[in-house]
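Using the working numbering, you'd call the opening residue of the sequence shown number 4 and step up by one each time.
A virtual CB, placed ideally from N, CA and C, is assigned to each residue, including glycine.
From a predicted model like this one, the values you see are computed outputs, not experimental measurements.
The next block holds one structure in the form of structure tokens; read it before the comments.
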Amino acid sequence: MRNEKKEFVQLLNDHINLFNESEIEEATKLYDLAVNGNVEAMMEVAHIYRMCEEFSTAVIWLKEASKLENHEANYELANCYFEGLGVEEDYTQAFRLYKKAAKNGHADAANNLADMYLNGEGVPVNEKEALYWFEKAAEQNVVEAMFTLGIMYEQGIGIPINQEKAFQYYLKSAEGGYEDSQYRMGTIYLDGILGQEKNISLALEWFEKAAASHHIDSIYNLGFLYENGIGVAKNGKKALYYYKRAALLGDAQAKINIAAIYEHGIDVPKDLKEAARWRKSAMSQIDGTE
Numbered sequence: 004m005r006n007e008k009k010e011f012v013q014l015l016n017d018h019i020n021l022f023n024e025s026e027i028e029e030a031t032k033l034y035d036l037a038v039n040g041n042v043e044a045m046m047e048v049a050h051i052y053r054m055c056e057e058f059s060t061a062v063i064w065l066k067e068a069s070k071l072e073n074h075e076a077n078y079e080l081a082n083c084y085f086e087g088l089g090v091e092e093d094y095t096q097a098f099r100l101y102k103k104a105a106k107n108g109h110a111d112a113a114n115n116l117a118d119m120y121l122n123g124e125g126v127p128v129n130e131k132e133a134l135y136w137f138e139k140a141a142e143q144n145v146v147e148a149m150f151t152l153g154i155m156y157e158q159g160i161g162i163p164i165n166q167e168k169a170f171q172y173y174l175k176s177a178e179g180g181y182e183d184s185q186y187r188m189g190t191i192y193l194d195g196i197l198g199q200e201k202n203i204s205l206a207l208e209w210f211e212k213a214a215a216s217h218h219i220d221s222i223y224n225l226g227f228l229y230e231n232g233i234g235v236a237k238n239g240k241k242a243l244y245y246y247k248r249a250a251l252l253g254d255a256q257a258k259i260n261i262a263a264i265y266e267h268g269i270d271v272p273k274d275l276k277e278a279a280r281w282r283k284s285a286m287s288q289i290d291g292t293e
């Protein structure tokens with residue numbers, strides 16, 4: 004590696020909003036280690052270049068670490084090729100590097116490799132291989148992989164439909180904090196599907212967990228349940244609270260529902276002016292003029 008320590012230090016000083024004096028000193032030491040072949044230091048230097056949005060230089064360091072068979076470097080470099088970040092987008096290279104990292108036990112690489120098999124990115128669609136690698140990732144507690152396995156078992160993608168397995172994967176993923184799975188658990192209990200009894204209390208519980216992480220559909224559903232009194236006492240004020248949260252996140256239907264609550268005065272004073280304002284905002288969003 005060419006030693007460009009002076010330029011590196013200048014870059015750090017140009018980003019004093021990101022690094023304090025002691026961090027700059029520590030980063031400089033890491034750079035020296037990286038130049039002398041320390042692979043962990045190379046990864047840190049690459050991370051610093053990414054923080055400074057010097058993506059092409061970050062890729063150079065990731066390639067050096069990859070040459071030393073660092074599996075995290077292979078994974079991060081694959082991400083760069085997949086996203087076209089600091090290097091020309093290349094799904095074939097991304098696939099190769101994800102597979103290399105996955106075969107060496109990298110959980111997130113296994114998940115991304117499975118995604119590529121499932122979606123036919125850089126490789127022909129292969130649902131069996133996708134299933135295999137999602138299961139490898141799930142075994143290492145990758146909650147996104149568990150969620151996708153839930154979908155595959157629910158819909159019979161590459162495997163016979165198995166509602167119980169689908170439910171268990173959704174549940175484990177949701178318990179691991181994955182918002183899409185928490186939302187799915189809410190809809191399962193709301194509709195009474197995948198072999199589960201309808202249970203609005205549990206649906207509310209899961210929607211609230213996902214809503215805490217700003218999951219827009221969960222927030223909207225909470226508003227809908229309170230507006231219509233489904234499994235809970237009808238409460239226009241609570242509905243309004245959740246709909247406004249969803250609206251701030253960009254849900255046009257939530258804005259329409261807010262307008263209806265103001266128009267009909269559901270647990271709030273009638274306010275046609277406020278209703279018109281929300282309806283206009285929704286229409287502008289739908290028309291693409293907002």
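Thinking residue i and residue j are a contact (beta carbons under 8 Å), I'd like their distance in whole angstroms, please.
i: G234; j: I203; result: 2 Å
i: A68; j: M46; result: 6 Å
i: Y84; j: E72; result: Contact flag wrong, Cβ pair sits at about 18 Å.
i: A105; j: L116; result: 5 Å
i: G153; j: Y172; result: 4 Å
i: L80; j: V62; result: 7 Å
Excluding the 5 residues flanking residue i on each side, which residues of the same chain have their C-beta closer than 8 Å to its C-beta?
i: D111; result: Y78, A140 and V145
i: G198; result: Q166, E167 and F170
i: W281; result: A250, K258, I259, I261, A262 and Y265
i: E138; result: A148 and L152
i: I219; result: A249, L252, G253 and D254
Cα separation between residue i and residue j?
i: F22; j: V38; result: 21 Å
i: A2; j: N114; result: As displayed, the chain neither begins before 4 nor continues past 293, which places residue 2 out of reach and without an answer.
i: G159; j: E142; result: 20 Å
i: K9; j: E24; result: 16 Å
i: A249; j: L275; result: 21 Å
i: K66; j: M155; result: 35 Å
i: M286; j: L251; result: 15 Å
i: V90; j: H50; result: 15 Å
i: E43; j: E75; result: 10 Å
i: A206; j: D194; result: 9 Å
i: L33; j: E57; result: 17 Å
i: F210; j: N107; result: 37 Å
i: A279; j: G125; result: 49 Å
i: P127; j: I164; result: 23 Å
i: E178; j: E208; result: 12 Å
i: L228; j: G253; result: 19 Å
i: P272; j: Y94; result: 56 Å
Who are the near neighbours of residue i in its chain, counting only those whose CB is closer than 6 Å to its CB and skipping five residues on each side?
i: S176; result: V146, M149, F150 and S184
i: A257; result: Y223, Y246, A249 and A250
i: A213; result: E182, Q185, Y186 and S221
i: H109; result: H74 and Y78
By Cβ distance below 7 Å, which residues in the same chain neighbour residue i in space, the five residues on each side in sequence not counted?
i: D270; result: N238, G239 and K240
i: T60; result: Y52
i: E277; result: Y265
Residue i: beta carbon under 7 Å from a heavy atom of the ligand GTP?
i: Q199; result: Inclusion of the ligand GTP in the displayed structure is not the case, the ligand content being empty and no account of it being possible.
Length-filtered (4 minimum) alpha helix (DSSP H) runs lying within the segment 236 to 275 = 239 to 251 and 255 to 267
Taking only runs that begin and end inside the segment 127 to 190, name each unbroken alpha helix (DSSP H) of 4 or more residues, in chain order.
-> 130 to 142, 146 to 158 and 166 to 178
Going along the chain, which unbroken runs of the alpha helix (DSSP H) with 4 or more residues stay wholly within the segment 193 to 232?
-> 203 to 214 and 219 to 231
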